[in-house]
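In what follows, a structure is listed as structure tokens, so that the remarks can point back to it.
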Amino acid sequence: MEKVPMTAEGYRVLDDQLKQLKSVERPSVISAISEAREHGDLSENAEYHAAKERQGWIEGQIAEIEDKLSRAQVIDVSKLSGEQVKFGATVTVVDEDTEEESRYQIVGEHEADVKQGKISIASPIARALISKEVGDVVEVNTPGGVKAYEILKVEWK
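Numbered according to full-length UniProt numbering, the sequence shown terminates at residue 157, and the numbering increases by one at each position without gaps.
Spelled out as structure tokens, the structure:
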């Protein structure tokens with residue numbers, strides 16, 4: 001069974017989602033199915049079919065989250081340090097062509113959210129940054145061609 005690296009924050013978010021699904025969503029859809037059954041003929045009951053479909057989606061989400069949590073390798077970023085870029089590091093880079101600075105935290109795949117500055121450990125830029133240090137220049141293959149980034153700062157928060 002392959003471990004899934006994630007930050008403590010990412011684990012907490014998944015755990016909260018699981019609790020929401022089990023304690024709110026699941027009972028709500030069971031109630032909706034029960035109510036729809038009372039309306040009679042199930043073969044032409046759109047509410048019943050929609051509720052059953054929602055129930056299937058909820059159960060799938062629960063199974064998926066439980067699987068991720070059971071395989072989680074939680075990494076406490078606050079206990080990490082060092083000069084090299086590793087999982088959990090927050091890295092400030094500058095695009096050598098545009099001089100535009102960007103700041104990314106390297107996180108697990110399910111935690112990635114570029115809008116929040118969180119990139120997946122499996123992304124091309126994260127793979128290029130791993131094991132590098134401040135001052136190093138990395139080249140990343142992007143859909144728009146090869147981009148070069150210089151590492152300005154490596155932080156642990």
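For glycine and all other residues, C-beta sits at the position ideal for the given N, C-alpha and C.
query = Can you give the Cα-Cα distance for N45 and A36, rounded to whole angstroms?
reply = 7 Å
query = Got a sec? Which residues, its chain only, sit under 6 Å from L80 by beta carbon, not counting five neighbours each side?
reply = G88 and W156
key: Residues that Q105 bridges to, as DSSP identifies them   = T90 and K118
key: Candidates S102, I125 and E133: closest to E139 by CA position   = I125
request  = In angstroms with no decimal places, state the Cα-to-Cα distance between D97 and K115.
outcome  = 22 Å
ask   = What residue ranges within the region 14–59 form continuous beta strand (DSSP E) runs of no fewer than 3 residues, ordered along the chain?
value = none
query = When you compare only the Cα positions, how much space is there between residue 175 and Q20?
reply = With the chain running from 1 to 157 in the structure shown, residue 175 is simply not present.
message = Applying the 10 Å Cβ sphere with the 16-neighbour rule, what's the burial state of G56?
response = exposed
message = Is it the case that the region 125–137 contacts the region 56–71, given that we only count it when at least three CB pairs across the two stretches are under 8 Å?
response = no
ask   = Nearest-angstrom Cα distance between K22 and H39?
value = 26 Å
query = Which residues in the same chain have their Cβ closer than 7 Å to the Cβ of M1, if we skip the five residues on either side of it in sequence?
reply = R71
query = Given a threshold of 16 other Cβ atoms within 10 Å of its Cβ, counted over all protein chains shown, does residue 216 qualify as buried or as exposed?
reply = For the chain, the structure presents residues 1 to 157; residue 216 sits outside this window and is missing.
ask   = Would DSSP call V74 helix, strand or coil?
value = strand
inquiry  = Checking the sheet assignment: what are the DSSP bridge partners for residue 158?
reply    = Limits of the chain in this structure are 1 at one end and 157 at the other, which puts residue 158 out of reach.
ask   = Taking K153 as the reference, which of V4, A50 and V85 has the closest Cα?
value = V85
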